[in-house]
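Everything below concerns the one structure shown next.
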Amino acid sequence: MKKKLLTLHTARLNNNCPTCFGTDGLEFTFVQEKTETLFFKKPAKQIDKKLYCHTCKNIIYPVNWTEDIERVYAYNKKIAETNKHYLKVKPLFYILIITALIVVAAIAYILISNL
Ligand SMILES: [Zn+2]
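All residue numbers for the sequence shown refer to this note's numbering, where the first residue is 201 and numbers rise by one.
Right, dumping it as structure tokens:
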């Protein structure tokens, strides 16, 4: 089982950084964790967000967000939601089901023809 982070959306903000007060350093990143098995690609339901300031090199945690940042966050979260990944079944899964059906059919055929 492999785990991978998918970046759904990133956005630069021109809001003031709560830490260094710079106006051109903040960036939102929205990610979704994905688990990959032989049969499925299964993304997590939850979207994780991170607010990073490139000016002071800090992660800005939600407790320090201003109302303006909250507003920009709500807007960008909607964009991230539209890029969200959903469960995907890999071809191997279908191959396995078809193989199983053929085996069942073959067994049934042998049983019937031996009656
Ligand atoms: Zn900063």
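Beta carbons are placed, not taken as given, at the ideal position from N, Cα and C, and that holds for glycine.
Sequence-distant partners of N264 (beyond 5 residues in either direction) whose C-beta falls short of 6 Å from its own C-beta, in its chain, are P218.
Assignment of Y252 by DSSP, reduced to helix, strand and coil, places it in the strand class. The shortest C-alpha to C-alpha distance from A280 to any of L208, M201, K203 is the one to L208.
The beta-carbon separation of Q232 and H285, rounded to 6 Å, stays under the 8 Å limit for a contact. The residue among G222, K203, K204 with its C-alpha nearest the C-alpha of R212 is G222.
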